[in-house]
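What follows is a single structure, written as structure tokens, with notes after it.
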Amino acid sequence: MSEDRATALVGTVAATLPGISLPEVLDTTGLMSRVDRKFVVGHADFLSFVDGIGGLLALDIDGRRSFGYSSTYFDTPGLAVYHAHRQGRRRRYKIRTRTYVDTADTFCELKLSGRREMTVKRRRPHPPGEANAMTADSFAFLDRELGTRFGLPAPRPLAASLVTDYRRTTLVTADRLTRITCDTSLLWSRGPMTRRAAQGLVLLEVKSATGAALALKRLRLRETGLSKYCAGLVALGAAPGGNRWLPALRGIGAAPVTRPGAPWWR
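Here my numbering is used: the first residue of the sequence shown is 1, the next is one more, and so on.
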């Protein structure tokens, strides 16, 4: 398959920006607790966004500025994690492993939804090659973090329920207070079922400790509530009650399949 038009566009723009190393990104942004804003943009709006902010830096690792990501999400057989998000429950979170495809580094991650739309992320190293399973150490990590946050252990049993693959370029503002991830070539898979977002679109996630997104406000871009996990299940017809994600899915050319698929881990 040829390279997605949006992937090529983002790569071309990133190549014109000054680089910033991964240690600098990790040292200066401090965004494990942050406000996330998501937007889906086309070619013209992406260019206007970059021009509107100005002074952006692009994450550069060994000369590369576009990186492959693969995330495996975990849920109970009844999709308790999904339904907590669908219903907007106060105690909601996502559990996943994330593999950085270019290096094979893998982490077990817990994303917690907090007060005032804050997102808190905790993670620990996970064995490479075991991204589709929770290890005893991962369960201990989840039990500890969820116990501290909610006074509850991790749900059991947990099994892989969705895989998302995409390309990511990371931009950082000159003041180091905001990180912008630019995701393209989004592909969802669940067992034999797959669904790909339309070409030519960039999913922007503005991750800011201060909630700043002035350039996006100036462009009057409409925020989208596109959760990669929840929307992916709905797009594949694998989860009920996903009306809240339908507008975003239609906007990226990934309206749900017509017949729900049975849970494939059974």
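We treat Cβ as the ideally placed atom computed from N, Cα and C, and that holds for glycine.
Problem - Nearest residue (CA-CA) to Pro155, options Val163, Glu145 and Thr164 - result: Within the sequence shown, the letter at position 155 stands for residue 155. Minimum Cα-Cα distance from Pro155 among the listed residues Val163, Glu145 and Thr164 corresponds to Glu145.
Exercise for the section: Can you grab the Cα-Cα spacing for the pair Asn243 / Gln87, in whole Å? Expected result: The count along the sequence shown starts at 1 and reaches residue 243 at position 243. The count along the sequence shown starts at 1 and reaches residue 87 at position 87. Looking at the two C-alpha atoms, the distance is approximately 11 Å.
Exercise for the section: State yes or no: is the C-beta of Trp245 nearer than 8 Å to some heavy atom of the ligand NAP? Expected result: Here there are no bound small molecules, and the ligand NAP is not part of this structure.
Handout entry: Those runs of the beta strand (DSSP E) which lie wholly inside the segment 68 to 124 and span at least 3 residues
Key = Runs found: 93 to 100 and 105 to 113.
Practice task
List the whole-angstrom C-beta distance separating Tyr73 from Ile53, where the pair is believed to meet the contact cut-off of C-beta under 8 Å.
Solution key: As a working note, residue 73 is residue 73 in the sequence shown. As a working note, residue 53 is residue 53 in the sequence shown. Incorrect: roughly 31 Å between the Cβ atoms, too far for contact.
Practice task
Return the CA-CA distance between Gly211 and Val35, expressed in angstroms with no decimal places.
Solution key: The residue labelled residue 211 in the question sits at position 211 within the sequence shown. The residue labelled residue 35 in the question sits at position 35 within the sequence shown. Reliability of the predicted coordinates at Gly211 is poor, the pLDDT of 48 falling under 50, and no value is obtained from them.
Problem - Residues near Gly200 in its chain [Cβ-Cβ closer than 7 Å; skip 5 each side] - result: Along the sequence shown, one-based indexing puts residue 200 at 200. Apart from the 5 residues on each side of it in sequence, Gly200 sits with its Cβ closer than 7 Å to the Cβ of Arg5, Ala6, Gly42 and His43 in its chain, given in chain order.
Problem - Limits of the alpha helix (DSSP H) - the one that Ser227 falls within - result: Here residue 227 corresponds to residue number 227 of the sequence shown, with the count starting at 1. Per DSSP, Ser227 belongs to no alpha helix (DSSP H) and is neither H nor E.
Exercise for the section: Please determine, among Leu112, Met118, Tyr100 and Asp143, the residue with the shortest C-alpha to C-alpha distance to Pro127. Expected result: Position 127 of the sequence shown, counted from the first residue, corresponds to residue 127. The candidate whose alpha carbon is nearest that of Pro127 is Tyr100.
Handout entry: Reference Pro247; option with closest CA among Arg222, Ala238 and Ala140
Key = Here residue 247 corresponds to residue number 247 of the sequence shown, with the count starting at 1. Nearest C-alpha to Pro247: Arg222.
Handout entry: Host alpha helix (DSSP H) of Thr7 (start-end)
Key = Within the sequence shown, residue 7 is the residue found at index 7, counting from 1. Where Thr7 is concerned, the enclosing alpha helix (DSSP H) starts and stops at Arg5 to Ala15.
Problem - CA nearest to the CA of Gly191, picked from Asn132, Ala136, Leu249 and Gly151 - result: The count along the sequence shown starts at 1 and reaches residue 191 at position 191. Nearest neighbour of Gly191 by Cα position, chosen from Asn132, Ala136, Leu249 and Gly151, turns out to be Asn132.
Practice task
Would you identify the three-state DSSP class for Glu205, choosing helix, strand or coil?
Solution key: For the purposes of this step, residue 205 is identified with residue 205 of the sequence shown, where counting begins at 1. Correct three-state label for Glu205: strand.
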